[in-house]
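These notes concern the structure reproduced below.
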Amino acid sequence: MAEFKGQPRLPKFALPRRYDIKLKPDLHSCKFSGSVSIDTDIVSDTRFIVLNAADLTVDSGSVSFTDTKSSKVFQPSNVEIFEEDEILVVEFAETLPIGVGVLAIGFEGILNDKMKGFYRSTYEHNGEKKNMAVTQFEPVDARRCFPCWDEPACKATFKITLDVPSELVALSNMPVIEEKVDGHLKTVSYQESPIMSTYLVAIVVGLFDYVEDHTSDGIKVRVYCQVGKANQGKFALHVAVKTLELYKEYFAVPYPLPKLDMIAIPDFAAGAMENYGLVTYRETALLYDDQHSAAANKQRVATVVAHELAHQWFGNLVTMEWWTHLWLNEGFATWVSYLASDSLFPEWKVWTQFLDESVEGLRLDGLEESHPIEVEINHASEIDEIFDAISYRKGASVIRMLQSYLGAESFQRSLASYIKKHAYSNAKTEDLWAALGEGSGQPVNKLMNSWTKQQGYPVVSVKVKDQKLEFEQSQFLSSGSRGDGQWIIPITLCCGSYDNRKSLLLERKSETLDLHEYLGCSITNNSLTESKTGVKGASCTWIKLNVDQTGFYRVKYDEHLAARLRHAIEKNYLSATDRFGILDDSFALCMARQQSFVSLLTLMGAYREELDYTVLSNLITVSYKLVRIAADAVPELLELVKQFFISLFQYSAEKLGWQPKAGESHLDAMLRGEVLTALAIYGHDSTLDEASRRFHAFLDDRNTPLFPPDIRKAAYVGVMQRVNASNRSDYESLLRVYRESDLSQEKTRVLSSLASSPDPKIILEVLNFLLSSEVRSQDAVFGLAVGIEGREVAWTWLKDNWEHISKTWGSGFLITRFVSAIVSPFASFEKVKEIEEFFASRTKPAIARTLKQSIERVNINAKWVQSVQSEKDLAEAVTELAHRKYF
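Sequential numbering of the sequence shown, starting at 1, is according to UniProt numbering.
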């Protein structure tokens, strides 16, 4: 039996066809018992059946294999669970007959508190604390509920029966076909599922309310939530019904199941999980309260619902063959969720907001410790870490780039063909490229392999010389090093006008274009002028590459082209997406020490009248990073840098004000909170005064109109800025708000604000509070965002509490958030050594990749700090910028 140990994949001499699962959870003792009968196809000679099991106690006497043809029952000679490999090996004395037989297994397990497998979540009902039973099986945790072939390619059908307390609601993937009540217990039987992977099986047992609607073709859709919160499910229900109808048209395949349930779970590690027909969510990602949820909460509910429902086709109906192809699920669902959100809420301008997804992908993929989209997975413990910005955000971004290149109609038609061809089975990345290539007539496989099989992405350097535009590509790395990657890049560019737009494929390291012939413009004295052959009416004063930021690459312009683009931003000639792209590329180049700190600040000054939500939001994000670097590099200039940003953001703050305006846009509501939060963080006195005034009005009257949801985070951050060990009353008041609220979104708003105090004693108190029983395990990570003053406190706290943190969160992906949030903000080589020494004996596979990435970020920050310190005339330039008035 030892030969099966240490194998990353199960052997394939026996495969499942159908599961008949019976489970009986005990919500008081937090245990469960069960049995499973698996129709198993023996496809080659073997005396063994090897499947997955973890954290289960298997009753050896219950295990048997019955040959369907002869009815002969085979009793095992040995049954053993190898916990380290999470496999169950059943050995028989004689070779099993080829063909289908039934493997029967009885087992017991624990409803754990780790938010994985079959677990317990807690809630209050009529003032009493109760347990519910919930499943979370992705990626490899169905094995913690029942023995199974827990790999996505091992698809089967599932027949589920539950024995549960008669007063509770019991849900699974399929509709109920029979319910028998026997005193305090009832037996609930469900329809057999279509063929699907184990990670999509779902069960939830507890007390719930629901709201219900139907699609136009009769699919019953329900949103379940805690008793008393049903009204908060109405928005998600509306989005779900509309989205199912939209996807039916887009994918040209109807939703495959007779019902769709969506349910809010109080304890849930991820944002949501796409279980077939029973999608589970964090409360923050499904419930929307008209009175207390912010505009950003509403948008999150819409995009998460659209993402999970996209999976019902892309992931559930057509499933990745192995976790190497995880991006097929997540990248596509992310991209399609924007397609749906844009269709339902065009006023949200979500395709501009999509750039936030791209940037997250670019940030992570600029590290040498990144990984390719298609990443080799050798062990189950490695899977959690690739549910990251590469699989989701880079994946979505290269899909957007490809769709832009192929054209929307051709792309949609090919996608529908792919889904029809691979429905109820599994697919690899190559299968998708084949369908898109066939449908478009383009060499998709050749084009896309450079984007999915190698890590990283290019920066395209562009300059004008002798009336020619010269391009050169190289791998971009945030460290400033040069990688050796090479890509086939779909380049788009325009000259002076969006009407004068061209595209080309950059396949070589460098390329030269004749400006006159290709773009119809010429250049004199380092400025662009319209030529006689140019587009009529175009002023050709600027050239912009990667038009609307549809490509997953960065652009580095020569000085003269960059100056022209800065002028174009000031004159508002450019689209919001292009203004965003120029800013973010400049920020990345500055971090990589290919552009000066002052030149980036000067560029940011060109955005003084910026009011687009996505652009200004990124401007704020960049400002936070620059202030942290300034604090380490030139502390004597820190207040001046802050003053520069206060001055820059006051224009928009004055336009937006603190109070919502009648008829204002969803985006203005989101922007108000972000701008005011930034001013609060930078210590803007009048902002802090107003935050305090409104917070105290809220403490006096929880229904005051002075405290709309969109400004609450800003006010909470503002009051915490003035909290210290000798002035802590506002901190106590904010904790009271946390304790009294039963809205998850409000609780996370408070948690994410508490550590804003500059006082190390208060910060330590907040961090300890995160480990208390008052904070749900899933939510602790929201409180880790400490300011500059809190970095050292947080690091010491992490070391002191590592054993507890590792034990509590170490079996899931949330442990990585502790590492990245606390390690990454440092900026010294000495700290790198200290971090490496601490983790030398504490690294395990679940955090290995995250730890390397976090340490690399510290090294990048340290080099950047050195670079800023060496800039000439820095003080003079920052002083001049800080004293400019931008409003």
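Ideal Cβ positions, reconstructed from N, Cα and C, are used throughout, including at glycine.
Residue of the options minimising C-alpha distance to residue i
i           : options                : result
V641        : L493, E330, Y624, M448 : Y624
D26         : G218, A408, P165       : P165
F107        : D388, A827, I38, T57   : T57
S649        : L565, R884, L162, E507 : Reading off the sequence, residue 649 comes out as Phe, not Ser. That would be R884, whose Cα lies nearest to the Cα of F649.
residue 888 : Q226, K229, V227, Y255 : Nothing about residue 888 can be read from this structure; the chain reaches only from 1 to 887.
L754        : V717, S772, S741, D59  : V717
Q549        : M401, T704, G99        : M401
M670        : F587, H371, F552, R300 : R300
I21         : K159, S370, A93, I488  : K159
S870        : M320, R608, Q595, E740 : Q595
F645        : L676, E636, L667       : L676
A714        : E151, L734, F118       : L734
K661        : V36, P708, E636        : P708
K428        : Q442, K509, A416, T324 : T324
N449        : D213, L432, K465       : L432
residue 890 : Y738, I81, M720        : Missing from the structure shown is residue 890; the chain here goes from 1 to 887 and no further.
S189        : K24, C225, K248, Q232  : K24
Which residues DSSP lists as bridging residue i, in chain order
i           : result
L847        : Here the sequence assigns Ile to residue 847, which means Leu is not the residue at that position. None; I847 has no bridge partner.
Q136        : G117
M196        : A156
K31         : D26, I110
M320        : A427
P165        : L185
T512        : E470
N378        : Answer by DSSP bridge pairing: none, since N378 is not bridged.
residue 921 : This structure does not reach residue 921, given that the chain is present from 1 up to 887, and the question cannot be answered.
I21         : V36, I160
D261        : R222, L278
K556        : S461
A724        : In the sequence as presented, Ala is not what sits at residue 724; that position holds Asn. Note: N724 sits in a beta bridge opposite N727.
C148        : N52
Nearest-angstrom Cβ-Cβ length linking residue i and residue j, presumed shorter than 8 Å
i    : j    : result
I373 : G395 : 6 Å
V460 : L506 : 7 Å
R722 : L688 : 6 Å
C521 : L513 : With 8 Å as the limit, C521 and L513 do not qualify as a contact, their Cβ atoms being about 11 Å apart.
K229 : D209 : 7 Å
L751 : V775 : 7 Å
L626 : Y607 : The pair is not a contact, with the Cβ atoms about 13 Å apart (cut-off 8 Å).
Span of the alpha helix (DSSP H), counted from its first residue to its last, around residue i
i           : result
F92         : Counting along the chain, F92 falls outside any alpha helix (DSSP H), though it belongs to the beta strand (DSSP E) covering 87-92.
P490        : Note, P490: premise wrong, no alpha helix (DSSP H); beta strand (DSSP E) at 489-495.
S647        : 638-656
Q312        : No alpha helix (DSSP H) holds Q312; DSSP gives it neither H nor E.
D710        : 709-721
I620        : 613-633
I815        : 814-823
F587        : 576-591
G331        : 326-344
residue 934 : For the chain, the structure presents residues 1 to 887; residue 934 sits outside this window and is missing.
G605        : 597-605
V832        : 829-839
S391        : Per DSSP, S391 belongs to no alpha helix (DSSP H) and is neither H nor E.
N-terminal and C-terminal residue of the beta strand (DSSP E) that residue i is part of
i    : result
R501 : 501-506
G61  : 56-67
L469 : 468-475
K12  : Where K12 is concerned, there is no enclosing beta strand (DSSP E), given that its DSSP letter is neither H nor E.
E212 : 209-214
K544 : 543-545
L667 : Run containing L667: none in the beta strand (DSSP E); it sits in the alpha helix (DSSP H), 666-681.
G206 : 203-206
Below-8 Å beta-carbon distance, residue i vs any chain C residue
i    : result
A821 : Chain labels in this structure do not include chain C; a single protein chain is all it has.
Contact between the segment 398-417 and the segment 298-308 (3+ Cβ pairs under 8 Å): no
Hey, is the segment 761-773 in contact with the segment 97-115, meaning 3+ C-beta pairs nearer than 8 Å? no
For the segment 177-184 against the segment 199-209, do three or more pairs of beta-carbon atoms, one drawn from each stretch, fall closer than 8 Å, so that the two count as touching? no
Given 8 Å as the limit, is there contact between the segment 321-331 and the segment 253-268, that is, 3 or more CB pairs closer than that? no
Quick check: the segment 413-420 against the segment 145-162, are there 3 or more CB pairs under 8 Å? no
contact_flag[the segment 567-586, the segment 600-613] where n(CB pairs < 8 Å) is 3 or more: yes
For the pair the segment 276-296 and the segment 728-744, tell me if three or more CB-CB distances fall below 8 Å. yes
Are the segment 474-492 and the segment 550-561 touching by the rule of at least three beta carbon pairs closer than 8 Å? yes
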